[in-house]
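Visitor: Sending over a structure as structure tokens; questions will come in a sec.
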Amino acid sequence: MPSPISNQSSLNLNALHQNSAQSVQSGTSQANSGTAISARPKPGNGMARVNGQMVPMTSLNESGFTSAFPTRNSAAIAQRSRIGINPQRAQQLLSQHEQLSTEARMAMEHIVGSELNNFPQAKQHVDQLSQQHYHSVPTQYKNNISEALEDYQGSHGDNFLMNVAAMGFPDINTYLKMRDPMFNDENEVNEFMTSFGHHYSAFTGIDDEEEELDEIKSRVDERLKEPTQQLTRYLHNAPRLQGGLPLIKGVTGGDNPVTTQVDGNKTLESVLEGKALNFNGFLSTSSKYESALDFSGKMPSSALGQPQYIVDLTKNDEKNEILRRHAMRDLHQGNMETGSLLFLFKASNAAGISVNATQHAANPGGGEHRLSGEDEILMAPGHFFVPEQIVRNKDGVALIGSLHYGR
20 MPSPISNQSS
30 LNLNALHQNS
40 AQSVQSGTSQ
50 ANSGTAISAR
60 PKPGNGMARV
70 NGQMVPMTSL
80 NESGFTSAFP
90 TRNSAAIAQR
100 SRIGINPQRA
110 QQLLSQHEQL
120 STEARMAMEH
130 IVGSELNNFP
140 QAKQHVDQLS
150 QQHYHSVPTQ
160 YKNNISEALE
170 DYQGSHGDNF
180 LMNVAAMGFP
190 DINTYLKMRD
200 PMFNDENEVN
210 EFMTSFGHHY
220 SAFTGIDDEE
230 EELDEIKSRV
240 DERLKEPTQQ
250 LTRYLHNAPR
260 LQGGLPLIKG
270 VTGGDNPVTT
280 QVDGNKTLES
290 VLEGKALNFN
300 GFLSTSSKYE
310 SALDFSGKMP
320 SSALGQPQYI
330 VDLTKNDEKN
340 EILRRHAMRD
350 LHQGNMETGS
360 LLFLFKASNA
370 AGISVNATQH
380 AANPGGGEHR
390 LSGEDEILMA
400 PGHFFVPEQI
410 VRNKDGVALI
420 GSLHYGR
């Protein structure tokens, strides 16, 4: 794995949290050390290094691919949450439905208008950087990078398995045993991987299912480990994306254990607390709003539903604290729809490439039909998201903030 880097000074990690659990090793880092599995935290939990500082991570999904960690802003919000607020003032603000909805609608319109494809010069610059990076790679590695990207974008679950490898796990058995001790039973592993295979249509029917299951179970260590390492290094060394470059990502919040889904409630709760989100594996983003919306499980005709209000975490005022507490209360009471999440990332010192531009550089005569309609910007493992605004909608939540590379 690439070495951490420490050139991003805007994180302002909360020093109060940095000395906790000093003896705990990171579940987000290399998993093939000599530490006994029983003594290690689940994937996505434990201590991890962000910009050279050790921070405590809490996993936000079964997979462990996404975690939350405290920052100075989360400490400030925790302090603010203890300040009393006049109930009549809160009721008066929350009754201003039309004004709050208008503010939220403007924020959603900003997200729609912020897709990278709406900024041709910026998009062209990203494409050029991506192609220049590909051409800078020694010839003997070019095919490896192209094939690794094809593996990651494939439809049979290799993206999930490559994230397992990107977190340092040597094989799927080691990973699953750290997720849950029940996977010490090989029958449980087989059941999980059978569900995985059916979910991603990985069973071809060419061989009997038992043989194909063995192939799927061995895919991390026998086929995907080296491509994952090569792709991780390639993205780590990519030219940095700067200047708040807009990237959009959609996710569903169901936390299906065989997918990269997040737990929508845990994710939103962490953001409402002002915590940053860490992407322990590869981070897929899109240049297209509609593609991101599709990944959130929604259609353009309805999107996330009626905008309701916006919480600005960057402001230390009564209005936003009232709205933040209101959102947290609704979340805890089950009155918040978190099954669809939409992110607007403002990339600064981010390490990623345009997949389409890279594949075009690899095969300039391949034709447009070979390129992904998603128009993906793929980021290296180890990026973190600092939330700034939360837009509550009737049928989902949008999150706006900055994206940085933490290694």
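In short: position in the sequence shown from 1, add 19, done, that's my numbering. In this text, a Cβ means the ideal position worked out from N, Cα and C, and glycines have one as well.
Can you give me the start and stop residues for the beta strand (DSSP E) that GLY65 sits inside?
Guide: Its beta strand (DSSP E) spans residues 65-69.
Visitor: Excluding sequence positions up to five away, which residues of its chain have a Cβ less than 7 Å from the Cβ of TYR213?
Guide: For the sequence presented, residue 213 should be read as Thr rather than Tyr. Counting only Cβ-Cβ distances below 7 Å, and skipping sequence neighbours, we find LEU232.
Visitor: For the stretch 307-316 against the stretch 398-410, do three or more pairs of beta-carbon atoms, one drawn from each stretch, fall closer than 8 Å, so that the two count as touching?
Guide: Contact fails: fewer than three Cβ-Cβ distances are below 8 Å.
Visitor: Any idea if LEU363 is buried or exposed, counting beta-carbon neighbours within 10 angstroms, 16 or more meaning buried?
Guide: LEU363 comes out buried.
Visitor: Taking only the alpha-carbon atoms, compute the straight-line gap between GLN248 and ILE96 and give it to the nearest angstrom.
Guide: Computed Cα separation, rounded: 38 Å.
Visitor: Measuring alpha carbon to alpha carbon, tell me which residue in GLU309, ASP204 and LYS334 is nearest SER320.
Guide: Out of GLU309, ASP204 and LYS334, GLU309 has the C-alpha closest to the C-alpha of SER320.
Visitor: Could you give the residue range of the beta strand (DSSP E) that holds GLN363?
Guide: Just to set this straight, residue 363 is Leu in the shown sequence, not Gln. It spans 359-366 - the beta strand (DSSP E) in which LEU363 sits, taken as one unbroken run.
Visitor: Output needed for ILE225: all residues of its chain with C-beta closer than 8 Å, excluding positions within five of it in sequence on either side, in chain order.
Guide: Counting only Cβ-Cβ distances below 8 Å, and skipping sequence neighbours, we find GLU231.
Visitor: If the criterion is Cβ atoms closer than 8 Å, does the pair GLY371 and MET186 meet it?
Guide: The answer is no: Cβ separation not under 8 Å.
Visitor: Considering only DSSP beta bridges, list what ALA370 is partnered with.
Guide: Note: ALA370 sits in a beta bridge opposite ARG259.
Visitor: Just checking, does the stretch 242-259 make contact with the stretch 331-339 on the three C-beta pairs under 8 Å criterion?
Guide: At 8 Å Cβ cutoff, the stretches do not touch.
Visitor: Looking at the unbroken alpha helix (DSSP H) that takes in LYS142, where does it start and where does it end?
Guide: Run containing LYS142: 139-154, per the alpha helix (DSSP H) assignment.
Visitor: Among the candidates ALA257, GLN110, LYS268 and TYR219, whose CA atom is the shortest distance from the CA of ASP177?
Guide: For ASP177, the nearest C-alpha among the options comes from TYR219.
Visitor: Exposed or buried, which one is THR158 when buried takes at least 16 other CB atoms within 10 Å?
Guide: With fewer than 16 Cβ atoms within 10 Å of its Cβ, THR158 is classed as exposed.
Visitor: At a cut of 8 Å, does the stretch 73-92 reach the stretch 264-278 through at least three beta carbon pairs?
Guide: Cβ pair count under 8 Å is three or more, so yes.
Visitor: With a threshold of 8 Å on Cβ separation, who are the neighbours of PHE179 within its own chain once the five nearest residues in sequence on each side are excluded?
Guide: These residues qualify, in order along the chain: SER82, PHE215, TYR219, VAL277, THR278 and THR279.
Visitor: Excluding sequence positions up to five away, which residues of its chain have a Cβ less than 6 Å from the Cβ of TYR253?
Guide: Only ILE164 meet the Cβ criterion.
Visitor: Thinking C-alpha only, which one of ARG108, MET125, GLU169 and GLU134 is nearest HIS379?
Guide: Closest option to HIS379, Cα to Cα, is GLU169.
Visitor: Measure the Cβ-Cβ separation of VAL442 and ALA123 and say whether it is below 8 Å.
Guide: The question about residue 442 has no answer here: the residues shown for the chain are numbered 20 through 426.
Visitor: Considering only their Cβ atoms, is the gap separating SER306 from GLU134 smaller than 8 Å?
Guide: Yes, they are a contact pair.
Visitor: Can you tell me which of the three DSSP states ARG411 falls into?
Guide: Reduced to three states, the DSSP call for ARG411 is strand.
Visitor: From what residue to what residue does the beta strand (DSSP E) around LYS268 run?
Guide: It spans 264-271 - the beta strand (DSSP E) in which LYS268 sits, taken as one unbroken run.
Visitor: Spell out the partners DSSP gives ILE419 in its beta bridges.
Guide: Answer is LEU363 and GLN408.
Visitor: Within 10 Å of its beta-carbon, does ARG426 have 16 or more other beta-carbons around it, so buried, or fewer, so exposed?
Guide: Its Cβ being crowded by 16 or more others within 10 Å, ARG426 is buried.
Visitor: Taking 8 Å as the threshold (C-beta atoms), are ILE130 and LEU361 in contact?
Guide: Cβ atoms of LEU361 and ILE130: closer than 8 Å.
Visitor: Going by C-alpha to C-alpha distance, which of GLN327, ILE329, ARG343 and PHE298 sits closest to MET76?
Guide: Among GLN327, ILE329, ARG343 and PHE298, the Cα nearest to that of MET76 is on PHE298.
Visitor: Short of 7 Å in beta carbon distance, which residues of its chain neighbour GLU207, apart from the five on each side in sequence? Order them along the chain.
Guide: So the list reads MET201, once near-sequence residues are dropped.
Visitor: With a floor of 4 residues, list each alpha helix (DSSP H) that falls wholly inside the stretch 186-234, ordered by position along the chain.
Guide: Complete alpha helix (DSSP H) runs here, min 4: 191-198 and 205-218.
Visitor: Please report how far the alpha carbon of ASN136 lies from the alpha carbon of GLY269, in whole angstroms.
Guide: Cα to Cα, ASN136 sits roughly 16 Å from GLY269.
Visitor: Let me know if ARG108 comes out buried or exposed under the rule of 16 or more other beta-carbons within 10 Å of its beta-carbon.
Guide: Exposed, by the Cβ-count rule.
Visitor: Output the distance between the C-alpha atoms of SER48 and THR193, rounded to the nearest integer angstrom.
Guide: Per-residue confidence for SER48 stands at a pLDDT of 45, beneath the threshold of 50, marking its modelled position as unreliable; the derived number appears in the next sentence. Cα to Cα, SER48 sits roughly 14 Å from THR193.
Visitor: Measuring CB to CB, does ARG59 end up less than 8 Å from ASN335?
Guide: Their beta carbons are not under 8 Å apart, which means ARG59 does not touch ASN335 by this criterion.
Visitor: Reducing DSSP to helix, strand and coil, say where GLU309 ends up.
Guide: DSSP places GLU309 in helix when its eight states are reduced to three.
Visitor: What did DSSP end up calling HIS388 once you bin it into helix, strand or coil?
Guide: Because the pLDDT of HIS388 is 49, which lies under 50, any placement of that residue in the model is unreliable, and the question is left without a value.
Visitor: Is the separation between the beta-carbon of ILE329 and that of ALA126 shorter than 8 Å?
Guide: The answer is yes: Cβ separation under 8 Å.
Visitor: With 16 as the cutoff for other CB atoms within 10 Å, does MET18 come out buried or exposed?
Guide: The question about residue 18 has no answer, for the chain in this structure spans 20 to 426.
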